[in-house]
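As structure tokens, the structure follows; a few thoughts come after it.
Number of protein chains: 2
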Amino acid sequence: MVIEVSSSPKPVYLDHVELTGGLWQERQATNRSRTIPAIHHQLETTGRLDAWRMDPNRERPKHRSVIYMFWDSDTGKWLEAVAYSLHTHPDPELEKQADGIISLIEKAQKPDGYLNTWFGNLEPENRWRNLRDWHEMYNAGHLIEGAVAYYKATGKRTILDVLSRFADHIDSRFGPGDGQKRGYPGHPELELALVKLYRETGDARYLNLSKYFIDERGQEPNYFDIESRERGEDPADFWAQTYRYCQAHKPIREQTEATGHAVRACYLYAGIADVALETQDQELVEVSRRLWDDLTSHQMYITGGLGPAHSNEGFTFAYDLPNETAYAETCAAISLAFCAHRMFHLDPNGRYIDVMERALYNNVLSGASYEGDHFFYANPLTSYPNVNPYEHWSGITSDRHYRRQAWYFCPCCPPNWARIVASIGGYFYSTTADRLYVHLYNRNQADFAFGGKAVRLEQQTDYPWDGTVQFSVGAETPVEFELALRIPGWCRSFTLEVNGVPQPITPVNGYAVIARRWENGDRVKLVLDMPVERVAPHPEIREDAGHIALQRGPVVYCLEEVDNGPRLANIAIPSESQLQASFDADLFGGVSIITGDAVRAEPSSWPGELYQPLSVVQYSRSPFRFKAIPYYLWANREPGEMRVWIREW
Amino acid sequence: MVIEVSSSPKPVYLDHVELTGGLWQERQATNRSRTIPAIHHQLETTGRLDAWRMDPNRERPKHRSVIYMFWDSDTGKWLEAVAYSLHTHPDPELEKQADGIISLIEKAQKPDGYLNTWFGNLEPENRWRNLRDWHEMYNAGHLIEGAVAYYKATGKRTILDVLSRFADHIDSRFGPGDGQKRGYPGHPELELALVKLYRETGDARYLNLSKYFIDERGQEPNYFDIESRERGEDPADFWAQTYRYCQAHKPIREQTEATGHAVRACYLYAGIADVALETQDQELVEVSRRLWDDLTSHQMYITGGLGPAHSNEGFTFAYDLPNETAYAETCAAISLAFCAHRMFHLDPNGRYIDVMERALYNNVLSGASYEGDHFFYANPLTSYPNVNPYEHWSGITSDRHYRRQAWYFCPCCPPNWARIVASIGGYFYSTTADRLYVHLYNRNQADFAFGGKAVRLEQQTDYPWDGTVQFSVGAETPVEFELALRIPGWCRSFTLEVNGVPQPITPVNGYAVIARRWENGDRVKLVLDMPVERVAPHPEIREDAGHIALQRGPVVYCLEEVDNGPRLANIAIPSESQLQASFDADLFGGVSIITGDAVRAEPSSWPGELYQPLSVVQYSRSPFRFKAIPYYLWANREPGEMRVWIREW
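Residue numbers (our numbering), protein chains in the order written: chain E, 10 to 658; chain X, 10 to 658.
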């Protein structure tokens, strides 16, 4: 199928969408009050802001670490989160703080446009010498994203100009021309940032450079081999052993599998989708879809988590989805949401948004504590004392439980969480000339225009705790457009009314489309049936065989020890057990929980050694009421075991 | 309970026991014809024998690696295996080959008695400077064990004298005296070897040195800290982070848990048991039993495997027994057998031999291929394409299956397998002045003496495939002694006859004891009921919850893909299924297999995405006949999945 790229929908920017309540409004408020300040505090206390100040007396640690080499990205992501927040919730104090940091960044820029706190000052001789590992381009990408968002939020050009100069510098150094290096980012991210910069500035050089990076990637002779040899290193000594790690093992257009480091992969795929859309390159569209299909059909957790392995922070092989050791980095789920959002705009189909929603309500939200100031890097689907996804080691003694941390040595996840939560409104709607796509449901009001006529749409709902969504239309004059309401993949029956009149509509590509001349006060009522579902895993996922997960709406549930006692592996849910959803107003500000009859299949006593003939063990199958809470809220109470996949009886 | 160490039974050395058929005779024949020559070939081709030759033109690789630092142990273990083999099966060619190598070892010894191919020549300045990591004492131990065995087998003193001189050298350097270092082996092994040397030579200095090593271990200030600082290193930089790794985190007499590297642990515990026995140190007896109980009650696989983790090749925490990533090193199961054998002689109880038998018939035997020339290092209990216990990495491409290898960079396991198989006869019997303990069953004839009168005992049996064991007694004159037949822990009913007369005997401490004045031609018939058992895991072993294992007699079974198709995780054995053992004469020279009805619980089709509502998935529970083979024989046919723990329905 050839995609009509030219008529593809455009996302509605977050400034058009005001959250007026519900889960996302609450998470955004926490983000503003706790998360963004907590991250600023960490940027300051860990020396990341001093790095911009370049005070020779306040230099960053002297020993070399690639971690220090991507400090700039933390500032970039924080700035981006601040920008989104300012755009919807002006805050002069916060803006002043951001302006101060921007001023530091501006001063740190070199006359030739180069901008990097490590290589700009401590190792100028090593600029652009190791694209594979040293993250200069990754930092550039995050700073560009921050700059574009800040400019859009405030109209202040300083940071946009600074980063445009840096992009110009990169454009002059890299490319197919004489004297240029044929390199590309070791950690993709700049690709999608350059497309944002192109869209904001209209300067096609940025789009072309992004396309160059994508097309040059993985070509032979491999650039990472070349630059390794130029440093006097043997390319075979690359620690990760394979360029699959950074998706540079073969040209992009020949790639068929999601490989390597999961965040690199999804940032890259997002960039590919952006370039495909902007250049209307049908082959790249196909590449995007092929990689997406592999990613989501073979390598994704039910929580929207990606990357089972700690060793490469990424993918291993199809259906390899261990739960206890799942890495499932918060950034990877966020990058999956980025990717999904872009895929929709290439190929307007609700299946992409289904995955985006799965990631958002589960692995993304679990990335921060309910209080907003502690963060998960890895998001396992089972947690057991003494086990954590980073290592499996006899020396674990300090804390038996895997818990969220206030910060990480490599803290990519906290500011990533802050920026996606601050910008969540931007994921709600897309438009074409005559259609309004509604992707996500949450109380909000949003403004659009069709044919030059303004429309306001208001959503009233308790989604995701309830499947009823009521829309009201505000329009000074009647407006003709198609309202395309997403019928989520998890939803197996729904009803739709306009002004009380049932609409027997069959969804097309995941959307129920109501074409109408809308008048002020029109009301639409969408009722998505939202029963508790037992979810079965694909039969190739060996880790989940014999188990089910509980899901209601987009929310995946888990058992925690605090509610269900220890040894969660011994709990089974009989197939005939009635499962009940109820709203617990006292739990985390009000969430739906799931309860039901379960059995704890355990011996009443154990006769001695570790292994016993089954016939001598007296198993009692004690019935009890289990209580499951949303996965994303685990590890916010008393520490203990956690489990998503539960034995079926 | 105070152990009467002085009256404890003594093992009957292997030269008294002639295997006359059955499984162990077949494995020994393969060991002689294939394994011992294969290992010699590797010693030669990898440079290990050249290392003894110390030809400056044929030096070992120049770059430093701790692996090269324990090359000597490989020669030591090969020599020990050869010695046992020569003792029961003289072979002039093999003896000549061994004598040649002994001559190289002799020439490599320094005038002061020091003996080590790496530090003796390449780094003489670093002798004894890093006991923690550099394996000089470990090498010494294995060479001593080889020397003692060779002397016993051949009566030739050369190698025993060489190693006695080396032991004297060590004794002069280490101890509590002035000018001595207060060190002890980083990798325990020398402790048990010194007790062997003491027993062979009668020189109490060797026993005292072993006791010193044990008592000094883990004392403060920690010797490994001291020697680190002497090398100019910060002890905190120890790669393993904790001295739990080498069981030196606290004094031995204060230790209560099996910790760290599993092989180090069990070699150490075996040495402790030896010293406890020889010194009649009741406290050390208690320490041995405490550590044994922790080891076998909390940290042992059903196969007798030890050590779930690759990261430390060892223990993590109680009940942490993952199957797919189980390290369960072959050497660890062998060291468990060593330990068990010694524990019995400290505390004559069949429960230790039960564990020894579990290890021998499962994790030990699985260490080598049926053909005897390929070896497992790690012995997982589940195997799945692309997964191996060493790593979990996206780069796996060369061989999708975990298989035995002809050799390893660190090849401790192959010669360890060779020496335990060659010496298996030495694990069959123990005696006191008036009792003959029979531990293991396999066709053999063995010679003993009680009160100066010779007795020959002959076993006729197809154990482990059949539970019937017939004994006949040969004695020129009647002999009074107690025949103590082990009633294995796995056996829940048995019958015993003497000359056709039933003997209603209740076993005491795991042995059925027949006190009698035995006459020539007396016949004993022991019938151990050997049904197929479904085995239940301890309820704290989360990985095995809802699963059973199949065991018959001492043999643990597994499913392989070649017999049962792929996706073994989806196979369940209904609780009402009749399980049948049958003898398959064509499989690996004849072994018992288990068959029965199972179901393959899989959807007949899968509607699309990875996760589906259970209600829309049509599960078919297709019945089929499963076939299970002995675990130790897995990975000898077509590569594919393997599984020990099977879902119960």
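Ideal Cβ positions, reconstructed from N, Cα and C, are used throughout, including at glycine.
9 Å is my cut-off, CB to CB: does residue i come that close to chain E?
| i | result |
| --- | --- |
| residue 561 of chain X | no |
| residue 366 of chain X | no |
| residue 410 of chain X | no |
| residue 329 of chain X | yes |
| residue 503 of chain X | no |
| residue 576 of chain X | yes |
| residue 555 of chain X | yes |
| residue 623 of chain X | yes |
Here's the rule: buried if 16 or more other CB atoms are within 10 angstroms of the residue's CB, otherwise exposed. What is residue i?
| i | result |
| --- | --- |
| residue 127 of chain X | buried |
| residue 363 of chain X | buried |
| residue 508 of chain E | exposed |
| residue 488 of chain X | buried |
| residue 592 of chain X | exposed |
| residue 399 of chain E | exposed |
| residue 248 of chain E | exposed |
| residue 570 of chain X | buried |
| residue 625 of chain X | exposed |
| residue 326 of chain E | buried |
| residue 425 of chain X | buried |
| residue 649 of chain X | buried |
Would you please verify whether the beta carbon of residue i is less than 9 Å from any beta carbon of chain X?
| i | result |
| --- | --- |
| residue 607 of chain E | no |
| residue 196 of chain E | no |
| residue 648 of chain E | no |
| residue 326 of chain E | yes |
| residue 265 of chain E | no |
| residue 164 of chain E | no |
| residue 640 of chain E | no |
| residue 619 of chain E | yes |
| residue 656 of chain E | yes |
| residue 370 of chain E | no |
Mind reading off the beta-carbon distance from residue i to residue j? Whole number of angstroms is fine, and I expect it under 8 Å.
| i | j | result |
| --- | --- | --- |
| residue 522 of chain X | residue 491 of chain X | 5 Å |
Going by DSSP, name the residue or residues bridged to residue i.
| i | result |
| --- | --- |
| residue 243 of chain X | In DSSP, residue 243 of chain X forms no bridge with anything. |
| residue 141 of chain X | Residue 141 of chain X pairs with nothing; no bridge assigned. |
| residue 470 of chain E | E:478 |
| residue 6 of chain X | For residue 6 of chain X there is no data in the structure shown, the boundaries of chain X being 10 and 658. |
| residue 161 of chain X | For residue 161 of chain X, which the question treats as bridged, DSSP gives no partner whatsoever. |
| residue 621 of chain X | E:545 |
| residue 634 of chain E | E:606 |
Return helix, strand or coil for residue i, following the three-state DSSP convention.
| i | result |
| --- | --- |
| residue 126 of chain E | helix |
| residue 148 of chain X | helix |
| residue 527 of chain E | strand |
| residue 386 of chain E | coil |
| residue 108 of chain X | helix |
| residue 312 of chain E | coil |
| residue 445 of chain X | strand |
| residue 340 of chain X | helix |
| residue 568 of chain E | strand |
| residue 424 of chain X | helix |
| residue 597 of chain X | coil |
| residue 198 of chain X | coil |
| residue 591 of chain E | strand |
| residue 225 of chain X | helix |
Residues of the segment 378-396 of chain X in Cβ contact with chain A at a cutoff of 9 Å, in chain order, please. This model lacks chain A altogether, as its protein chains are E and X.
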